[in-house]
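One point on numbering: in the working numbering, the residue at position 30 of the sequence shown is 1381, and numbering is uninterrupted.
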Amino acid sequence: MSRIPLVEPEHAAPEVRALYERFAGPNLPVLNVMKLFGNHADLLAGLTAIGSALYHDPHLAPRHRELAYLRASQLNSCHY
């Protein structure tokens, strides 16, 4: 159980609900991390802007993006 309450879509403010729909889509569930940031609409808006920049309109080819993920994992001694 999380210490910070998660904001479910049916209880979210209209602006938060709109951000949920934009990022998750009609057939995908809202991730718990999104529900966590739903407590602060401006923070959630920033997160969705970053997510959109990384995934919806990427400047890197998928192959190069994956190489960047792998290299960052190596540098930080993380298992990927």
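Beta carbons are placed, not taken as given, at the ideal position from N, Cα and C, and that holds for glycine.
Does the Cβ-Cβ distance between residue i and residue j come in under 7 Å?
i     : j     : result
T1399 : L1370 : yes
V1381 : P1360 : yes
A1392 : E1366 : yes
For the alpha helix (DSSP H) containing residue i, list its first residue and its last residue.
i     : result
I1401 : 1392–1402
P1365 : 1365–1375
E1359 : Premise fails: E1359 is in no alpha helix (DSSP H) and is neither H nor E.
S1424 : 1413–1426
L1387 : 1383–1388
Are the segment 1404–1422 and the segment 1382–1396 in contact at 8 Å, needing three or more beta carbon pairs? no
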